[in-house]
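Engineer: Sending over a structure as structure tokens; questions will come in a sec.
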Amino acid sequence: MTSSLPLRAPLPALTATLDGWLCHDDPVTDSGAPPPPPDAAPPALRLLGVTKRFPGVVANDRVDLTVQPGEVLALLGENGAGKSTLISMLYGLYQPDEGHIEVAGRAVRIGSPAQARRLGIGLVPQHPLLVARHTVAENLALGRAGGLFPARRVAGHIRALSAQYGLEVDPGARVSDLSPGEKQRVEIIRALLGGAQVLILDEPTSVLTPQEAQGLFRVMRELRAGGRSLIFISHKLDEVLDVADRVTVLRRGEVVGGVPTAGATRESLAALMVGRAVDFTRKRAPGAGSPDPLLSVRGLNAQGTRGLPALRGVSFDLHRGEVLGVAGIAGNGQSELVEVLAGVWPAAGEVSLNGQPLSGSAAERSRAGVAHIPEDRLHSGTVPSMTVAENLSLRDYDRAPLARGLARNLAAEGERARRDVEAYAVATPSIHTPVRLLSGGNIQKLILARELAGAPQVILAVHPTYGLDIGAADQVHRALLDRTGAGAGVLLVSEDLDELLSLSDRVGVMVGGALLGPFPVAEVTRESLGLLMGGAHPHSLPGAGQGVAALGAGA
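See the structure below:
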């Protein structure tokens, strides 16, 4: 028996998305659906009654979707709503079990990524698939047929497309030297070189600064003006309202609504996504923390996995009852900072908790009151082969009431597991289910339930709401704030600037392993944080003497 639970469907190997840089000539076959009326202007792309099933789950259920030429359509949905499966079918990674797909009025079966590209469908992945040591032109020449010096010929096409759409990409630049925004533009050019008329952009701003995101939106508008169609997948509702013409919302695999953005709001879109009202007001008054330092960090220096500096002289205080936000583009030392504080990564420097040196293993720091919500939820936050109940007991399995001497108290373990699963709405068949079988969002809820139990003094939270729907994220936010109300301090690392500005008392920015700030949240904006993330120094920019918020003026 199947259900429409929001579980994550298995995705094909990532390498499948590289398939069509090879120039296959697979035939594009008709699906047998009737053609549109001859006098109708055909949509660029249309899905009619598309259904996709996996064992035990209906990932997409009779989905109807239309994208017109010269239109930006945003595709919204909570975690597990079916967006990834739908996009995988459009790009030939899966085939629908029912229904059919039309491209420019022609019913087709998309059997591979190569066929998708032959039909004019291009995918801009969330994480660019580029070879770091090669140049832009060399990357985009890979797999392209014909002649000597393909990179030299491709370079001319890159320059032409860059000029036409304002993409500002240097074909001779080495990929390892590019910013995340530049890599994103390279992927757009890759799709355009393949003749894409419909571009699918999968969470394209997830690693971009606000300034880079605005640059991407400018390019999207240029593409739309040129008659191309874009499908924009994002969880950032402000961005959707900024750049999209229409919105289609998926919930539990079904289309539950479609609206023009002209009359929509964040609140109305969120309500469509989760089926209830969502409050977007700031969740606490800034400056709610105590002046007393709880955690003091002085002069932290650490090496990364490649032997290069990951932390450079990081110093700050975390106060009781405070949320200290940490922003930054991925790879600038945020992960290493948290791992050092959690006791899982070595470093030089001083760390104290309540005025006493904090050292020892991760287990010892956990017993001292340090909770850790890690970035790699499956392998660092859980033991995948262990059950839900066993993972929920990892912090205190050897203490009463979960232990009786040297023996486990299985009844107490099960009772608490059932309570935590219900309180955090963890979707699992049983508390005895291995954690590896849960979706990413439900694994995150399990980790939160375990780490926030009891009375932690310091909570190290890295992307705690990543992969959660709006309602679940709101629940996580309130759980963190409940702990600050009891005197705990939260170090919140996030790439979601709205989340940081909504929850934090102060915000710092990690750049090249160094910490800028922290700054009172009243003195920063999304724009000023974006400038700092891009490498600007607070004292080197106009208006710095009038508060950090001035950095965002005119951005």
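The C-terminal position of the sequence shown is numbered 555 in full-length UniProt numbering, with every residue numbered one higher than the one before it. Ideal placement from N, C-alpha and C gives every residue a C-beta, glycine not left out. None of these values were measured; they are calculated from a predicted model.
The alpha helix (DSSP H) with Asn391 in it runs from where to where?
Structural biologist: Val388 to Leu392 is the span of the alpha helix (DSSP H), which, as asked, contains Asn391.
Engineer: Given a cut-off of 8 Å, decide if Ser229 and Gly77 are closer than it, judged by their beta-carbon atoms.
Structural biologist: No.
Engineer: Just checking my contact of Leu516 with Val326 at CB under 8 Å: how many whole Å lie between their CB atoms?
Structural biologist: Contact doesn't hold; Cβ gap of about 10 Å is too wide.
Engineer: Using a threshold of 8 Å, state whether the C-beta atoms of Arg185 and Val131 are closer than that.
Structural biologist: Cβ distance not < 8 Å, so Arg185 and Val131 don't count as in contact.
Engineer: Is it buried or exposed, Ser88, if we count other Cβ atoms within 10 angstroms and call 16 or more buried?
Structural biologist: It counts as buried.
Engineer: Is Ala473 buried or exposed, if buried means 16 or more other CB atoms sit within 10 Å of its CB?
Structural biologist: Under this definition Ala473 is a buried residue.
Engineer: Tell me the DSSP bridge mates of Leu492?
Structural biologist: DSSP output for Leu492 lists Gly325 and Ala461 as bridge partner(s).
Engineer: Let's test the definition: count the other Cβ atoms within 10 Å of the Cβ of residue 612 and tell me whether it reaches 16, buried, or not, exposed.
Structural biologist: For the chain, the structure presents residues 1 to 555; residue 612 sits outside this window and is missing.
Engineer: Opposite His100 in the DSSP bridges: which residues?
Structural biologist: Paired residues: Leu48.
Engineer: Using DSSP with H/G/I as helix, E/B as strand and the rest coil, what is Ala33?
Structural biologist: Below a pLDDT of 50, predicted positions are generally treated as unreliable, and Ala33, at 39, falls in that range; the measurement from the model is reported next regardless. Coil at Ala33, not helix or strand.
Engineer: Within the chosen definition, does the stretch 362-381 reach the stretch 452-463 through at least 3 CB pairs nearer than 8 Å?
Structural biologist: Yes, they touch.
Engineer: The beta strand (DSSP E) spanning Ile158 covers which residue range?
Structural biologist: Not the beta strand (DSSP E): Ile158 falls in the alpha helix (DSSP H), residues Pro150 to Tyr165.
Engineer: What are the boundary residues of the beta strand (DSSP E) that includes Asn301?
Structural biologist: Pro293 to Gln303 is the span of the beta strand (DSSP E), which, as asked, contains Asn301.
Engineer: For Ser176, count the other beta carbons within 10 Å of its own beta carbon; 16 or more makes it buried, fewer makes it exposed. Which is it?
Structural biologist: Label assigned to Ser176: exposed.
Engineer: Between which two residues does the alpha helix (DSSP H) harbouring Ser366 extend?
Structural biologist: Taken as a continuous stretch (DSSP letters only), the alpha helix (DSSP H) holding Ser366 covers Ala362 to Arg367.
Engineer: Please identify the residue among Pro180, Tyr165 and Gly441 whose C-alpha is closest to the C-alpha of Leu468.
Structural biologist: Of Pro180, Tyr165 and Gly441, the residue nearest in Cα terms is Gly441.
Engineer: Measuring only the C-alpha atoms, how far is Arg365 from Thr66?
Structural biologist: Each residue's Cα considered, the two are about 53 Å apart.
Engineer: Rounding to the nearest angstrom, what Cα-Cα distance links Ala270 and Asn60 in this structure?
Structural biologist: Computed Cα separation, rounded: 20 Å.
Engineer: Where are the alpha helix (DSSP H) runs, 4 residues long or more, that stay fully inside the stretch 62-149, in chain order?
Structural biologist: With a minimum length of 4 residues, the continuous alpha helix (DSSP H) runs that stay inside the stretch 62-149 are 83-90, 113-118 and 136-141.
Engineer: So, do the stretch 377-389 and the stretch 427-442 have three or more beta carbon pairs nearer to each other than 8 Å?
Structural biologist: With a cut-off of 8 Å, the stretch 427-442 and the stretch 377-389 count as touching, because enough Cβ pairs lie within range.
Engineer: For Asp279, count the other beta carbons within 10 Å of its own beta carbon; 16 or more makes it buried, fewer makes it exposed. Which is it?
Structural biologist: Exposed.
Engineer: Who pairs with Pro434 in a beta bridge, going by DSSP?
Structural biologist: In the DSSP output, where bridge partners are listed per residue, Pro434 has Thr387.
Engineer: Would DSSP call Glu203 helix, strand or coil?
Structural biologist: Three-state result, Glu203: coil.
Engineer: Alpha carbon to alpha carbon, how far is Asp238 from Ala342? Give it in angstroms, no decimals.
Structural biologist: So the alpha carbons of these two residues sit roughly 34 Å apart.
Engineer: Could you say which of His134, Tyr165, Leu161 and Ser162 lies nearest to Ala151 if we only look at CA atoms?
Structural biologist: Nearest of His134, Tyr165, Leu161 and Ser162 to Ala151, Cα basis: His134.
Engineer: Return yes when at least one heavy atom of the ligand FMN lies under 7 Å from the C-beta of Gly105, else no.
Structural biologist: Because no ligand of any kind appears in the structure shown, any question about the ligand FMN cannot be addressed here.
Engineer: Please say whether Gly414 and Ala449 have beta carbons closer to each other than 8 Å?
Structural biologist: Cβ distance not < 8 Å, so Ala449 and Gly414 don't count as in contact.
Engineer: Taking C-alpha atoms, which residue in Leu250, Ala330 and Val521 lies nearest to Leu272?
Structural biologist: Per the Cα distances, Leu250.
Engineer: My assumption, with CB atoms under 8 Å, is that Ser112 sits in contact with Gly99. Please give the rounded CB distance.
Structural biologist: At roughly 19 Å, the Cβ-Cβ gap does not stay under 8 Å, so Ser112 and Gly99 are not in contact.
Engineer: To the nearest angstrom, how far is the alpha carbon of Lys83 from that of Val63?
Structural biologist: If I take the Cα positions, the gap works out to 11 Å.
Engineer: Just reading off the alpha helix (DSSP H) that Thr484 is part of, what are its end residues?
Structural biologist: Start and end: Ile470 to Gly485.
Engineer: Considering only C-alpha positions, which residue in the set Gly275, Gly253 and Ala244 is nearest to Thr261?
Structural biologist: Per the Cα distances, Ala244.
Engineer: Which same chain residues, not among the five before or five after Asp26, have their C-beta less than 7 Å away from its C-beta?
Structural biologist: With a pLDDT of only 43 at Asp26, under the threshold of 50, the placement of this residue in the model should not be trusted; the figure read from the coordinates follows. Closer than 7 Å at Cβ, skipping near neighbours: Gly111, Ser112, Ala114 and Gln115.
Engineer: Could you spell out where the beta strand (DSSP E) holding Glu254 opens and where it closes?
Structural biologist: Residues Glu254 to Pro260.
Engineer: Of all Cβ atoms in chain D, is any one closer than 8 Å to the Cβ of Ala455?
Structural biologist: Within the model displayed, chain D is absent; a lone protein chain is all it includes.
Engineer: What does DSSP give as the partner residues of Ile231 in its beta bridges?
Structural biologist: DSSP lists Leu73 and Ile200 as partners of Ile231.
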